[in-house]
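Below: the structure, in structure tokens.
Residue numbers (my numbering), protein chains in the order written: chain A, 67 to 553; chain B, 2 to 101.
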């Protein structure tokens, strides 16, 4: 076997392979035997006809085609090995320039190559914004709002009262008027003047001092950009009649209120809880933005080489995601494309830059995981998989939940969880590098555990004992879960 | 039957004859109904330029077969005469011309 390598521009390689005649002949015979099993040849039991008879019945081209296919299957791995390349996907036969000796021209897309930049030098200021006290107060107010006590009172409306008003709105035309809002009772909370309100700002404030049974008419010119379309730019007459007035009593902000909200001993505990929750949220959103920036910078530093097939796959993936999202809204891609007045090619073209970014991000993180030697401990993985499984079995409908017991589904899940964990850890590491925390920690010893699920575990998941182990544990959990469900 | 070339009608190629070709140096032909052992020997020797050791002749009987389309109708398949020719050691007849 003679192999010539020729690099192509788009990170693919063209292999020109010459194959010995002996081998081709042998393949022909095997191909003929294979074909003979399917073809009925008179006078012979299936599969018993000699080679010449088969050639006469099925014809030489058919045998050659079959032989070529079988030959490719057999020779391909050898070729890849001998040419010393890392393929990303299956190559395709481009050309058959010569038959004697048989010469094949095969184009193989190469696996992506990522050259990381100096990502360790990325530094970015890490400064999560502190949560202002006013945000905590707002949250507490919202909590109080949930426990509001509404009581009917016999007095004119005041600020913060709940007033039920029958409202009708009519549009003023040159002659007569047109009803925009049929008369019906609407509960309104009396706001301050400048707050947003319905039917227009300041309306509820004007009700202060009026009591049940009072009627009135207001004229209002709506601005052109009013949030409700049917009212924007309309000159309207609003007729209202107050049905009743109710006082709203918010619970006082004290220890008693705190204990009624949840298991809090006093107000300070509640306050601390709300604050830490808000801080957690704020930190998460900040981290997300921060990570995005750091990753973008790392991407900009790194060099990527990947074959076009990889990008195509990413685009396909995005398309599938979209289709799934559309399905949830009972739409399909065709309708979606029609509504945007574009065909599939244009749509794909539109996805391209985003897909490219996503692909680069994925490749970068993968490479970083390798470069930083990030590992997931098997215990962690088992635990994480178990909790995901638990969650899924509660969320999914019953017939789908049953599938979770399937071994393949479980190992798939474990793989996904492993990937997620790795990605998260990588991002975390990158964040620490960028904000300088990692260097500070590097002085301390790096803990090592004997049992580690490394990247290899994820690449050849089926054979790895770790995954086996996970499956067993996960199975146990699944059994427990289903037992609970039956109970 | 005008001449020797009309004697041999076609070689019979089946799993069995295939075996006979290789292992026993025997070749099987359908021959003209009025061919004799001597005529078959002459024909094979002149056409294929080989030495014939022995000729066996069998009259295959006609057979009644059910029609393919309607199973009720029976059709008659005509019989034929079959000759099994044994060649001298070392001789062979190329049954499949042009094929290795």
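Every residue, glycine too, gets a C-beta built ideally from N, C-alpha and C.
field: Any 3 or more C-beta pairs closer than 8 Å across the stretch 336–354 of chain A and the stretch 303–318 of chain A
entry: Output reads no: the stretch 303–318 of chain A does not touch the stretch 336–354 of chain A.
query: Within 8 Å (strictly less), CB to CB, does residue 15(B) reach chain A?
result: Translated into the one-based positions of the second chain, residue 15(B) becomes position 14. True, the Cβ-Cβ gap to chain A drops below 8 Å.
- prompt: Which whole-angstrom value is the C-beta distance of residue 256(A) and residue 220(A), which I expect to be below 8 Å?
  reply: For the purposes of this step, residue 256(A) is identified with residue 190 of the first chain, where counting begins at 1. For the purposes of this step, residue 220(A) is identified with residue 154 of the first chain, where counting begins at 1. Rounded, the Cβ-Cβ distance is 16 Å, inconsistent with contact.
task: Answer yes or no: does any C-beta atom of chain B fall closer than 8 Å to that of residue 111(A)?
output: By one-based count along the first chain, residue 111(A) stands at place 45. Yes, residue 111(A) lies at the interface with chain B (some Cβ there is under 8 Å from its Cβ).
message: Please report whether the beta-carbon of residue 35(B) lies at a distance below 8 Å from any beta-carbon of chain A.
response: Position 34 of the second chain, counted from the first residue, corresponds to residue 35(B). Residue contact with chain A for residue 35(B): absent (no Cβ-Cβ distance below 8 Å to any residue of chain A).
- prompt: According to DSSP, is residue 81(B) helix, strand or coil?
  reply: Your numbering for residue 81(B) matches position 80 in the second chain. Residue 81(B): strand per DSSP, three-state reduction.
- prompt: With a CB to CB cut of under 8 Å and the five nearest residues on each side skipped, what residues in its chain are close to residue 48(B)?
  reply: Reading the second chain from its first residue, position 47 is the one you call residue 48(B). The residues are 5, 6, 9.
- prompt: Looking at the C-beta of residue 19(B), does it have a partner C-beta in chain A at a distance below 8 Å?
  reply: The residue labelled residue 19(B) in the question sits at position 18 within the second chain. So yes, residue 19(B) belongs to the interface.
task: Using the Cα positions of residue 522(A) and residue 121(A), report the straight-line distance between them to the nearest angstrom.
output: Taking the first chain and counting its residues from 1, one reaches residue 522(A) at position 456. Taking the first chain and counting its residues from 1, one reaches residue 121(A) at position 55. Note that residue 522(A) has pLDDT 42, beneath the 50 cutoff, so the model's placement of it is unreliable and no number is given.
- prompt: In terms of residue numbering, what span does the beta strand (DSSP E) encompassing residue 169(A) cover?
  reply: Mapped onto the first chain, residue 169(A) falls at position 103. It spans 168–175 - the beta strand (DSSP E) in which residue 169(A) sits, taken as one unbroken run.
task: Jot down the residue ranges of each uninterrupted beta strand (DSSP E) in the stretch 122–207 of chain A, minimum 3 residues, whole runs only, in chain order.
output: If we require 3 residues or more, the beta strand (DSSP E) runs fully inside the stretch 122–207 of chain A come out as 158–164, 168–175, 179–181.
query: Considering only residues of the same chain and omitting the five flanking positions on each side of residue 402(A), which have a CB-CB separation below 6 Å?
result: Residue numbering aside, residue 402(A) sits at position 336 when the first chain is read from its first letter. 392, listed in sequence order.
- prompt: By a C-beta neighbour count over all protein chains shown, 10 Å radius and 16 as the cutoff for buried, is residue 200(A) buried or exposed?
  reply: As a first step, residue 200(A) is located in the first chain; it is residue number 134 there, counting from the start. Per the 10 Å Cβ criterion, exposed.
field: Neighbour flag for residue 106(A) against chain B, beta carbons, 8 Å
entry: Translated into positions along the first chain, residue 106(A) becomes position 40. So no, residue 106(A) is outside the interface.
message: Using only the alpha-carbon positions, how far apart do residue 324(A) and residue 450(A) sit?
response: Locating residue 324(A) in the first chain gives position 258, counting from the first residue. Locating residue 450(A) in the first chain gives position 384, counting from the first residue. If you draw a straight line from the Cα of residue 324(A) to the Cα of residue 450(A), it is about 34 Å long.
field: Which listed residue (285(A), 312(A), 296(A)) has its alpha carbon closest to that of residue 304(A)
entry: For the purposes of this step, residue 304(A) is taken as residue 238 along the first chain, with counting starting at 1. Per the Cα distances, 285(A).
message: Using a Cβ-Cβ cutoff of 7 Å, what residues of the stretch 116–131 of chain A are near chain B? List them in chain order.
response: Residues passing the 7 Å Cβ filter: 116, 118, 119, 121, 122.
- prompt: Roughly how many angstroms lie between the CA atoms of residue 292(A) and residue 394(A), to the nearest whole one?
  reply: Along the first chain, one-based indexing puts residue 292(A) at 226. Along the first chain, one-based indexing puts residue 394(A) at 328. Each residue's Cα considered, the two are about 31 Å apart.
- prompt: Taking Cβ-Cβ distances shorter than 7 Å, what residues in chain B pair up with residue 114(A)?
  reply: Against the first chain, residue 114(A) aligns to sequence position 48. Those are 16, listed as they occur along chain B.
task: Any chance you could list the alpha helix (DSSP H) runs of at least 4 consecutive residues sitting entirely within the stretch 306–365 of chain A, in chain order?
output: 321–327, all fully within the stretch 306–365 of chain A.
message: Give me the residue from 380(A), 432(A), 400(A) with the minimum Cα distance to residue 365(A).
response: Looking up residue 365(A) in the first chain gives position 299. Selected option, being the one with the closest Cα: 432(A).
- prompt: For residue 247(A), which three-state DSSP category applies?
  reply: In the first chain, residue 247(A) corresponds to position 181, counting from 1. Correct three-state label for residue 247(A): strand.
query: Is it buried or exposed for residue 289(A), if we count other Cβ within 10 angstroms and need 16 for buried?
result: Within the first chain, the letter at position 223 stands for residue 289(A). Its Cβ having fewer than 16 others within 10 Å, residue 289(A) is exposed.
message: Can you give me the C-alpha to C-alpha distance between residue 443(A) and residue 498(A), rounded to a whole angstrom?
response: Within the first chain, the letter at position 377 stands for residue 443(A). Within the first chain, the letter at position 432 stands for residue 498(A). Their Cα atoms are separated by approximately 20 Å.
Run of the beta strand (DSSP E) containing residue 554(A), from where it starts to where it stops: This structure does not reach residue 554(A), given that chain A is present from 67 up to 553, and the question cannot be answered.
message: On the criterion of 16 or more Cβ atoms from any shown chain inside 10 Å, does residue 158(A) qualify as buried, or is it exposed?
response: Stepping through the first chain from its first residue, residue 158(A) is reached at position 92. Counting the other Cβ atoms within 10 Å of the Cβ of residue 158(A) gives fewer than 16, which makes it exposed.
task: Quick one: using the 10 Å Cβ neighbour count with 16 as the cut-off for buried, is residue 356(A) buried or exposed?
output: For the purposes of this step, residue 356(A) is taken as the residue at position 290 of the first chain. Here residue 356(A) is buried, its C-beta having at least 16 other C-beta atoms within 10 Å.
field: CA-to-CA distance, residue 211(A) to residue 549(A), given in whole angstroms
entry: Here the question's residue 549(A) lines up with position 483 in the first chain. Here the question's residue 211(A) lines up with position 145 in the first chain. Confidence is the limiting factor: at residue 549(A) the pLDDT is only 46, short of 50, which leaves the residue's position unreliable, though a coordinate-based value still follows. Straight-line Cα distance between these residues: approximately 41 Å.
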